[in-house]
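> Structure in structure tokens, see below.
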Amino acid sequence: MRPGNLDTSERPFVLIWELTQACGLACDHCRADAKPQRHPDELSTAEGKALLEDAAEFGDGQLVVLSGGDPLVRDDVPELIAHGDDLGLRMTITPSGTGSLTADRIEEMADAGLKRMAVSLDGASPEAHDAFRGEDGSFEETIRAVEDAREAGLPVQVNTTVCQQTVAELPAIRDLLTEIGAVMWSVFFLVPVGRGRVLEPIAPDRADAVMEWLHEVSDTEPFGVKTTEAPQYRRVAMQRRADEDEGGQSGGRPGPGDGIERRTGIVAGDGFAFVSHIGEVFPSGFLPESAGNVRDRPVTELYRDSELFRSLRDRDNLSGKCGACPYRHVCGGSRSRAFAHTGDPLASDPLCPFVPEGYDGPLPWDDTEGDARGVSTGD
């Protein structure tokens, strides 16, 4: 959930910088379609430092995620972390689970001022995770890195992709997170871009069921839970609370006075911004439509003033059932998934099964509806 005082027209909650698209893994879901070699036109160390200086203009404590590919393909990561930390940025990183993530490099990043490290686990066993990641030994390397991070006093977040191949693993991954002492579980609902186009997403009704289960997990487990590219999680949580509250609206639908219009969720371009390895500024890494390049204009200016970002921040611009939805200001739908399916970032999110009362327009999930199976918890 977003901080209540953050004005997302002025600054993003999360600014992601893709340092490189180079990576030694060949993950099935890879947004970047990563390659072994680095791109010759990547932002240099000096350009990266200038980007961080511009990012600091968003305000104190701006969250910056160093991403990839595998960011540790670059040797300047500790230098960049230290520079960002000196500027007052909250520096975090999402490295790949490979041999590059050594205990020494983790300690070096922690000493430079890194605030959190995120690793990916898409299965609770070596067989399941390594098959998804395309590399034998990735699971063991990831678990070893988590232990090394704990030794360095560095909090660890776990990222998990949800698709047909991984959804049955979620309960076991939940148990593993408690065992390894993760502080946050970020659950990413597949957007079909990059290599992820060949994966099968779960159906809309099943997505809602998984999100209801995740809401239960957030109430019972010692780690936090957040979703990525699934803003409907906010609607699901609100409906669940309303159903549990005797005074709630019938069916969990929003009513007057419940404050929904004043609480907006974070979606691509509205709370998120992504800087590519060559400096292009996208609303998210899963919505590859550029607002400009940081080599030409500051990231602050592109985020605040570009037509693309401004249009995404106006929820009344949404079309289809997302535009008619009473939850559009707390959810807004995945703009990345809408773009991936239609080429229009303002179209309806095909993962959401909620149909607004009285809406009789086209529905976006015709190819996937009908699968209402929930996640099996094994309890």
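Residues 8 to 386 (our numbering) are what the sequence shown spells out, left to right.
For every residue, glycine included, the Cβ atom is placed at its ideal position computed from N, Cα and C.
Report the start-end ranges of each alpha helix (DSSP H) in the region 123-199 that is 4 residues or longer and not cut off at the edges.
As far as the region 123-199 is concerned, its whole alpha helix (DSSP H) runs of at least 4 residues are 133-140, 145-158 and 177-187.
> Can the beta-carbon of residue 56 be found closer than 8 Å to that of residue 87?
Yes; because the gap between Cβ atoms is below 8 Å, this pair is in contact.
> I'd like to know whether the C-beta atoms of residue 339 and residue 371 end up nearer to each other than 8 Å.
It is not a contact, given that the beta carbons lie outside the stated cut-off.
> Please state whether DSSP places residue 330 in a helix, a strand or coil.
Correct three-state label for residue 330: helix.
> State the DSSP-derived secondary structure class of residue 113, mapped to helix, strand or coil.
Correct three-state label for residue 113: helix.
> Hey, residue 316 and residue 350: beta-carbon distance below 8 Å or not?
Taking 8 Å as the Cβ cut-off, residue 316 and residue 350 do not qualify as a contacting pair.
> With residue 76 and residue 27 assumed to form a contact (beta carbons below 8 Å), what rounded beta-carbon distance in angstroms separates them?
That pair is a contact at about 5 Å.
> Does DSSP put residue 70 in a helix, in a strand, or in coil?
Three-state DSSP puts residue 70 in a strand.
> When the Cα of residue 136 is compared with those of 159, 162, 168 and 164, which residue comes out closest?
For the residues 159, 162, 168 and 164, the minimum Cα distance to residue 136 belongs to 168.
> When you compare only the Cα positions, how much space is there between residue 348 and residue 361?
So the two alpha carbons sit approximately 18 Å from each other.
> What ranges does the alpha helix (DSSP H) occupy inside the region 41-102, keeping only unbroken runs of at least 4 residues that lie completely in it?
Runs of the alpha helix (DSSP H) inside the region 41-102: 52-63 and 84-93.
> Whole angstroms is fine: what's the gap from residue 341's alpha carbon to residue 309's?
Answer to the nearest angstrom: the Cα atoms are 21 Å apart.
> Would you kindly work out how many angstroms separate the C-alpha atoms of residue 369 and residue 329, rounded to a whole number?
Cα to Cα, the separation comes out at about 11 Å.
> Ends of the beta strand (DSSP E) at residue 217?
No beta strand (DSSP E) holds residue 217; the alpha helix (DSSP H) holding it covers 211-227.
> Leaving aside the five residues before and after residue 64 along the sequence, list all residues of the same chain whose C-beta is less than 8 Å from its C-beta, in chain order.
Excluding residues within five positions, the ones whose Cβ falls inside 8 Å are 305 and 307.
> For residue 95, I'd like the list of residues in its chain whose CB is within less than 7 Å of its CB, leaving aside the five on either flank, ordered along the chain.
Around residue 95: 63, 67 and 68.
> Taking 8 Å as the threshold (C-beta atoms), are residue 73 and residue 113 in contact?
No, they are not a contact pair.
> In angstroms, rounded to a whole number, what distance separates the CA positions of residue 15 and residue 281?
Whole-angstrom Cα-Cα distance: 14 Å.
> Whole-angstrom Cβ separation of residue 174 and residue 209, contact assumed at under 8 Å?
Residue 174 to residue 209, Cβ: 6 Å. Contact.
> Work out the CA separation of residue 332 and residue 358 for me, nearest whole Å.
Cα to Cα, residue 358 sits roughly 14 Å from residue 332.
> Going by beta-carbon coordinates alone, are residue 298 and residue 318 separated by less than 8 Å?
It is not a contact, given that the beta carbons lie outside the stated cut-off.
> Here's the rule: buried if 16 or more other CB atoms are within 10 angstroms of the residue's CB, otherwise exposed. What is residue 142?
Counting Cβ neighbours within 10 Å, residue 142 comes out buried, since at least 16 surround it.
> Spatial neighbours of residue 231 within its chain, please: C-beta separation below 8 Å, excluding the five flanking residues on both sides.
Cβ neighbours of residue 231 beyond the five flanking positions: 190, 191, 192 and 225.
> What would DSSP say about residue 364, mapped onto helix, strand or coil?
In the structure shown, residue 364 sits in coil (DSSP, three-state: anything other than H, G, I, E or B).
> What does the alpha-carbon distance come out to for the pair residue 274 and residue 132?
Those two C-alpha atoms are separated by around 32 Å.
> Go ahead and pull the three-state DSSP assignment for residue 29.
Reduced to three states, the DSSP call for residue 29 is strand.
> Can you give me the start and stop residues for the alpha helix (DSSP H) that residue 316 sits inside?
Residue 316 -> alpha helix (DSSP H) spans 314-320.
> Do residue 236 and residue 196 come within 8 Å of each other at the CB atom, strictly closer than that value?
In contact: residue 196 and residue 236 (Cβ atoms closer than 8 Å).
> Use the C-beta contact count for residue 44: other C-beta atoms within 10 angstroms, 16 or more gives buried, fewer gives exposed.
Residue 44 should be labelled exposed.
> If we ignore side chains and look at the alpha-carbon of each, how far apart do residue 8 and residue 241 end up?
In this prediction, residue 8 has a pLDDT of 36, which is less than 50 and means its spatial position is unreliable; what the coordinates show is noted afterwards. The straight-line gap from Cα to Cα measures roughly 8 Å.
> Hey, out of 300, 228, 219 and 134, whose CA is closest to residue 248's CA?
The option with the nearest alpha carbon to residue 248 is 219.
> Out of 302, 290 and 323, point me to the one whose CA is closest to residue 311's CA.
Residue 290 is the option with its Cα nearest to residue 311.
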